[in-house]
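All remarks here apply to the structure that follows.
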């Protein structure tokens with residue numbers, strides 16, 4: 024019950040009607056599948072494969088409901104995984120749920136909108152169990168395929184999920200060495216769409232900004248200590264107030280004391296083959312996070328010279344690797360402390376205090392971070408604008424203006440969110456990729472962005488339309504209620520046919536010749552093969568699960584028939 028109740032208490036109003044739009048979390052009623060979501064766009068494919076997966080799933084489950092299922096389901100999955108992995112008693116199970124759900128990593132990633140990373144976090148305990156079983160039995164459990172897919176909806180999440188699975192299987196691989204290469208191939212297959220898309224966009228990632236996204240201090244808590252409690256996100260706007268004051272120190276002190284108290288018991292209980300991989304994985308996660316804080320110059324060098332090293336920029340993401348060992352030693356400490364207290368009221372009081380500790384030191388996370396996370400309804404005009412664009416027979420991309428990346432619209436209670444309009448409409452879209460952090464502009468992940476800015480700066484609507492057409496832009500969607508309206512550098516008027524207009528949105532179709540963008544044959548072939556492999560792995564996993572269920576049902580029927588008088 025605690026594993027079902029605590030996620031609901033944390034999310035609160037976020038589970039209400041509407042779409043939760045916060046920073047990078049952008050969900051729309053019906054996300055249209057398009058080439059860019061497969062990795063064929065000009066911008067760095069940060070949302071591969073998550074956008075494509077959502078675009079397929081929301082054809083079956085409405086986006087309104089799908090978002091709630093993902094958020095609540097991720098936290099419930101994490102809670103039950105923690106119980107299975109770390110606890111040996113009822114008190115331990117309850118403490119494992121609290122430590123996993125009411126955690127700085129969860130709260131901060133939820134607020135900033137990194138839901139694929141939350142799914143990777145939720146899958147981690149289960150992947151530990153799957154890896155151990157694969158190593159022990161020499162065969163891959165059927166659930167591993169779906170767990171890998173669930174935990175690999177972003178490049179960062181896929182990396183940490185693969186490391187957890189392979190490391191835990193390696194603890195037993197001395198007895199069955201063939202299982203490791205097979206697991207590695209499955210990890211590669213599930214992450215292949217992101218890998219192929221990343222290789223096709225090599226060189227487009229921004230350079231020299233590792234310090235901006237590095238592990239950060241939380242209030243007076245230094246970054247290395249914040250990371251010990253699975254905190255330290257780079258964006259200070261999404262750090263709860265309780266993590267910036269004395270309560271953060273209290274929480275860290277108690278957690279470290281419990282970890283020290285439980286470390287030896289946990290190691291003895293798990294054994295070397297199970298415990299050592301988790302210690303190694305913890306060290307990898309912590310050191311990767313720490314490196315972005317201690318040596319940002321080295322991380323910058325890696326991102327410049329090593330393809331894919333940009334995944335290391337956001338240091339706090341790697342702390343998912345710390346979760347299994349963190350849970351193991353702290354929960355073991357809780358069980359040991361409670362076991363040494365006299366039975367009766369004293370033991371109950373200590374148990375309740377330890378179970379509720381994560382909640383009591385971060386009370387401002389409750390109920391959607393104090394009501395901050397509340398869903399919103401899209402303006403009615405957006406649906407009409409989508410219909411107007413979809414009804415056109417002309418091919419080409421849509422440009423979203425003003426040409427700035429984030430919005431804080433009144434209809435979203437002025438909460439900051441990555442502009443949703445591009446995802447709301449149906450064609451591939453082009454929007455600003457520039458992020459302002461502490462007065463510093465970070466971005467330039469799409470080579471068309473500077474060209475769009477030059478096109479918008481041209482004198483006259485006709486000249487702008489012609490220049491945008493050469494970039495593959497067919498539609499220009501302008502949000503009239505967004506900051507920057509009226510500034511030609513961001514919102515220049517464009518000649519064409521007005522498709523739709525109201526008080527909040529205007530859509531113009533460029534009638535000049537448009538150079539419709541199309542990926543090269545090599546890129547299309549590589550992308551098709553990557554996604555074919557991805558789908559094949561999912562289908563294989565589903566088939567294995569269904570076959571296993573059928574086999575158990577047949578076995579059960581045979582057993583019943585055998586014992587029947």
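Residue numbers (this note's numbering): 24 to 588. Ideal placement from N, C-alpha and C gives every residue a C-beta, glycine not left out. Source: prediction; values computed, not measured.
*asked:* My parser needs the alpha helix (DSSP H) runs of 4 or more residues fully inside the region 380-409; what are they?
replied: 380-383 and 389-394
_Could you pull the DSSP bridge partners for residue 130 from this structure?_
Walking along the chain shown from the start, residue 130 turns up at place 107. Answer by DSSP bridge pairing: none, since residue 130 is not bridged.
*Would you check if the region 379-389 and the region 114-133 touch, i.e. whether three or more CB-CB distances between them fall below 8 Å?*
yes
*Which runs of the beta strand (DSSP E) fall wholly inside the region 154-188 and span at least 3 residues, in chain order?*
none
*Proximity winner among 537, 531, 495 and 159, relative to residue 296 (alpha-carbon distances)*: Position 273 of the chain shown, counted from the start, is the residue given in the question as residue 296. Among 537, 531, 495 and 159, the Cα nearest to that of residue 296 is on 159.
*asked:* For the beta strand (DSSP E) containing residue 103, name the first residue and the last one.
replied: For this step, residue 103 is matched to residue 80 along the chain shown. Per DSSP, residue 103 belongs to no beta strand (DSSP E); it is in the alpha helix (DSSP H), 86-109.
*asked:* Could you give the first and the last residue of the continuous alpha helix (DSSP H) run that contains residue 489?
replied: Taking the first residue of the chain shown as position 1, residue 489 is located at position 466. Counting along the chain, the alpha helix (DSSP H) containing residue 489 begins and ends at 484-493.
*Kindly list the residues whose CB is nearer than 7 Å to the CB of residue 364, restricted to its own chain and excluding five residues on each side of it in sequence; keep chain order.*
Here the question's residue 364 lines up with position 341 in the chain shown. Same-chain partners within the cutoff: 370 and 373.
*Anyone know if the C-beta pair for residue 72 and residue 452 falls short of 8 Å?*
By one-based count along the chain shown, residue 72 stands at place 49. By one-based count along the chain shown, residue 452 stands at place 429. Contact: no.
*Between which two residues does the beta strand (DSSP E) harbouring residue 420 extend?*
Your numbering for residue 420 matches position 397 in the chain shown. From DSSP, the beta strand (DSSP E) with residue 420 extends over 420-424.
*What number of angstroms, rounded off, separates the C-alpha of residue 190 from the C-alpha of residue 206?*
Against the chain shown, residue 190 aligns to sequence position 167. Against the chain shown, residue 206 aligns to sequence position 183. Distance between the alpha carbons of residue 190 and residue 206 is about 11 Å.
*Euclidean distance between Cα positions of residue 367 and residue 115*: Here residue 367 refers to the residue found at position 344 when the chain shown is read from its first residue. Here residue 115 refers to the residue found at position 92 when the chain shown is read from its first residue. The straight-line gap from Cα to Cα measures roughly 17 Å.
*Would you say residue 208 faces chain B, with C-beta separation under 8 Å as the test?*
Considering every chain present, this structure includes no chain B. It has just one protein chain.
*Taking residue 86 as the reference, which of 447, 483 and 437 has the closest Cα?*
Counting from one through the chain shown, the residue named residue 86 turns up at place 63. Measuring from the Cα of residue 86, the nearest candidate turns out to be 447.
*For residue 185, which of 153, 258, 571 and 201 has the nearest alpha-carbon?*
Stepping through the chain shown from its first residue, residue 185 is reached at position 162. For residue 185, the nearest C-alpha among the options comes from 153.
*Would you tell me roughly how many angstroms separate the C-alpha atoms of residue 192 and residue 298, rounded to the nearest one?*
Residue 192 sits at position 169 when you count from the first residue of the chain shown. Residue 298 sits at position 275 when you count from the first residue of the chain shown. Rounded to the nearest angstrom, the two C-alpha atoms are 12 Å apart.
*In chain order, what residues of the same chain have a beta carbon less than 6 Å from the beta carbon of residue 521, not counting five sequence neighbours either side?*
Counted from its first residue, the chain shown places residue 521 at position 498. Excluding positions up to five away in sequence, the list reads 531.
*What is the rounded straight-line gap between the Cα of residue 350 and the Cα of residue 344?*
For the purposes of this step, residue 350 is taken as residue 327 along the chain shown, with counting starting at 1. For the purposes of this step, residue 344 is taken as residue 321 along the chain shown, with counting starting at 1. The straight-line gap from Cα to Cα measures roughly 11 Å.
*asked:* Between which residues of its own chain and residue 436 is the CB-CB distance below 8 Å, once the five residues before and five after are set aside?
replied: Here the question's residue 436 lines up with position 413 in the chain shown. Correct list, in chain order: 397 and 399.
*Check residue 244 in the structure and name its three-state DSSP category.*
As a first step, residue 244 is located in the chain shown; it is residue number 221 there, counting from the start. Residue 244: strand per DSSP, three-state reduction.
*Where residue 243 and residue 348 are concerned, what is the direct C-alpha to C-alpha distance, given to the nearest angstrom?*
Position 220 of the chain shown, counting from 1, holds the residue named residue 243. Position 325 of the chain shown, counting from 1, holds the residue named residue 348. If I take the Cα positions, the gap works out to 26 Å.
*Best match in 444, 489, 96 and 545 for proximity to residue 49 [C-alpha to C-alpha]*: Here the question's residue 49 lines up with position 26 in the chain shown. That would be 444, whose Cα lies nearest to the Cα of residue 49.
*asked:* Helix, strand or coil for residue 370? Go by DSSP, reduced to three states.
replied: Taking the chain shown and counting its residues from 1, the one referred to as residue 370 is at position 347. Helix.
*Where residue 79 and residue 468 are concerned, what is the direct C-alpha to C-alpha distance, given to the nearest angstrom?*
The residue given as residue 79 occupies position 56 in the chain shown. The residue given as residue 468 occupies position 445 in the chain shown. Between residue 79 and residue 468, the C-alpha separation is close to 26 Å.
*Quick one: grab the DSSP three-state call for residue 464.*
Translated into the one-based positions of the chain shown, residue 464 becomes position 441. Three-state result, residue 464: strand.
*Considering only the beta carbon of each residue, do residue 417 and residue 497 sit closer than 8 Å?*
What you label residue 417 is simply residue 394 of the chain shown in a count that begins at 1. What you label residue 497 is simply residue 474 of the chain shown in a count that begins at 1. Going by C-beta atoms, residue 417 is nearer than 8 Å to residue 497.
_Where residue 582 falls, given that 16 or more other Cβ within 10 Å makes a residue buried_ = Here residue 582 refers to the residue found at position 559 when the chain shown is read from its first residue. The pLDDT assigned to residue 582 is 49, lower than 50, so where the model puts this residue is not dependable, and the model offers no usable value.
*Going straight from the alpha carbon of residue 585 to that of residue 571, what length do you get?*
Along the chain shown, one-based indexing puts residue 585 at 562. Along the chain shown, one-based indexing puts residue 571 at 548. Confidence in residue 585 is poor, its pLDDT being 49 and thus under 50, which makes the residue's placement unreliable; the coordinate value appears in the next sentence. So the alpha carbons of these two residues sit roughly 21 Å apart.
*If we ignore side chains and look at the alpha-carbon of each, how far apart do residue 588 and residue 575 end up?*
The residue labelled residue 588 in the question sits at position 565 within the chain shown. The residue labelled residue 575 in the question sits at position 552 within the chain shown. Confidence is the limiting factor: at residue 588 the pLDDT is only 42, short of 50, which leaves the residue's position unreliable and the question unanswerable from this model.
*Name the residue from 411, 555 and 485 whose alpha carbon lies nearest to the alpha carbon of residue 500.*
Here residue 500 corresponds to residue number 477 of the chain shown, with the count starting at 1. Among 411, 555 and 485, the Cα nearest to that of residue 500 is on 411.
*Would you report the Cα separation of residue 200 and residue 194, rounded to the nearest angstrom?*
Looking up residue 200 in the chain shown gives position 177. Looking up residue 194 in the chain shown gives position 171. Each residue's alpha carbon lies about 10 Å from the other.
*asked:* Check this for me: beta carbons of residue 19 and residue 234, under 8 Å apart or not?
replied: Residue coverage of the chain in this structure runs from 24 to 588, which leaves residue 19 outside it and unanswerable.
*Cβ-heavy atom distance between residue 78 and the ligand SAM below 7 Å?*
The ligand SAM is absent from the structure shown, which contains no ligand whatsoever.
*Reduced DSSP category for residue 283 - H, G, I as helix; E, B as strand; rest coil*: By 1-based counting over the chain shown, the position of residue 283 is 260. It is helical.
*Quick one: give me the first and last residue of the beta strand (DSSP E) that residue 528 is part of.*
Counting from 1 along the chain shown, the entry for residue 528 is found at position 505. Element bounds for residue 528: 528-532.
*Going by the beta-carbon positions, is the gap between residue 253 and residue 342 smaller than 8 Å?*
Here residue 253 is taken as the residue at index 230 of the chain shown, counted from 1. Here residue 342 is taken as the residue at index 319 of the chain shown, counted from 1. Cβ distance < 8 Å, so residue 253 and residue 342 count as in contact.
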